[in-house]
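Following: one structure in structure tokens, then a few remarks.
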Amino acid sequence: MKIKTALIATGLALAGIGMQAQAGTASGSFNVTASVVPSCKVVSTADIAFGNYDPADANNTTALDAAGNVTVRCTKNTPAAVTLNQGNNAAAGSTCAAPSRQMADSGSNRLGYAIYKDASRTQAWGCDATNQASFTSAGIASPATLDTYGRIPAGQDVPAGSYSDTVAVTVTF
Numbered sequence: 012m013k014i015k016t017a018l019i020a021t022g023l024a025l026a027g028i029g030m031q032a033q034a035g036t037a038s039g040s041f042n043v044t045a046s047v048v049p050s051c052k053v054v055s056t057a058d059i060a061f062g063n064y065d066p067a068d069a070n071n072t073t074a075l076d077a078a079g080n081v082t083v084r085c086t087k088n089t090p091a092a093v094t095l096n097q098g099n100n101a102a103a104g105s106t107c108a109a110p111s112r113q114m115a116d117s118g119s120n121r122l123g124y125a126i127y128k129d130a131s132r133t134q135a136w137g138c139d140a141t142n143q144a145s146f147t148s149a150g151i152a153s154p155a156t157l158d159t160y161g162r163i164p165a166g167q168d169v170p171a172g173s174y175s176d177t178v179a180v181t182v183t184f
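Mapping the sequence shown onto the numbering used here, position 103 (from 1) lands on 114, and the numbers just tick up by one.
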């Protein structure tokens with residue numbers, strides 16, 4: 012009886028091995044999505060600092076020039092347009108298409124100036140589609156630096172003092 016019991020136990024054990032559950036697999040998938048949006052940011056600006064304007068001597072017949080810049084970072088391949096407003100002290104009759112900018116002293120005196128897109132100072136930079144600066148972004152690692160070329164016309168009859176203005180930069184993309 013002991014042998015019979017041992018054989019039955021062994022048989023059951025062997026049968027159990029064959030009946031063990033096999034590990035199964037199943038598969039599926041899911042999507043990963045994102046939308047990259049066109050975006051631009053004015054990263055920095057460099058002021059147009061004219062320095063000393065001398066209407067009685069050096070600038071009586073010679074304009075005073077200076078330059079600055081605007082640096083813009085945009086999503087890769089994004090077309091963008093940069094406009095400059097007329098400043099806080101625009102002259103009467105100034106428009107976006109033909110800005111007539113002025114710096115002001117602490118009183119009512121004004122010193123006229125212009126901002127151009129080109130070093131030869133022939134293309135006024137304003138605030139509409141006729142005189143904006145346009146570019147297509149090379150990507151965020153290569154921000155666009157757009158030079159600003161300023162000019163104070165010669166011979167303006169203004170009193171001595173400190174003159175300034177603030178010009179707003181807008182990027183449309």
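We put the CB at the ideal spot given by N, CA and C, even for glycine.
Between residue i and residue j, what straight-line distance do the alpha-carbon atoms span, to the nearest angstrom?
i, j, result
"Thr-82", "Thr-141", "21 Å"
"Asp-176", "Ala-45", "43 Å"
"Phe-41", "Arg-132", "57 Å"
"Ala-20", "Ala-34", "Summary for Ala-20: the model assigns pLDDT 48, below 50, so the residue's position carries little reliability; its value from the coordinates is reported in the next sentence. Approximately 26 Å between the Cα atoms of the pair."
"Ala-103", "Val-180", "21 Å"
"Pro-49", "Gly-98", "28 Å"
"Leu-23", "Thr-36", "The predicted model places Leu-23 with a pLDDT of 46, which falls under 50 and marks its position as unreliable; any figure quoted below should be read in that light. Approximately 28 Å between the Cα atoms of the pair."
"Lys-128", "Gly-137", "9 Å"
"Met-117", "Ser-173", "Inspection of the sequence shows that residue 117 is occupied by Ser rather than by Met. One C-alpha to the other measures close to 8 Å."
"Gly-150", "Cys-51", "10 Å"
What does DSSP give as the partner residues of residue i in its beta bridges?
i, result
"Lys-52", "Arg-84"
"Gly-123", "Gln-113"
"Ala-92", "Ser-145, Thr-183"
"Ala-57", "Asn-80"
Please classify residue i: does DSSP put it in a helix, a strand, or coil?
i, result
"Arg-162", "strand"
"Gly-79", "strand"
"Ala-154", "Contrary to the premise, residue 154 reads as Pro rather than Ala in this sequence. In the structure shown, Pro-154 sits in coil (DSSP, three-state: anything other than H, G, I, E or B)."
"Phe-184", "coil"
"Ser-173", "coil"
"Ala-130", "coil"
"Ala-135", "strand"
For residue i, which of the options has the nearest alpha-carbon?
i, options, result
"Gln-167", "Ala-37, Gly-150, Tyr-124", "Tyr-124"
"Ser-111", "Arg-84, Thr-72, Pro-164", "Pro-164"
"Ala-171", "Gly-62, Gly-98, Tyr-160", "Gly-62"
"Cys-107", "Gly-161, Phe-184, Asp-139", "Asp-139"
"Thr-94", "Ala-32, Ala-149, Gln-134", "Gln-134"
"Pro-90", "Ser-173, Pro-154, Ala-130, Asp-158", "Pro-154"
Determine, using beta carbons only, whether residue i comes closer than 9 Å to chain B.
i, result
"Gly-62", "Looking at the structure shown, chain B is missing, and only one protein chain is on hand."
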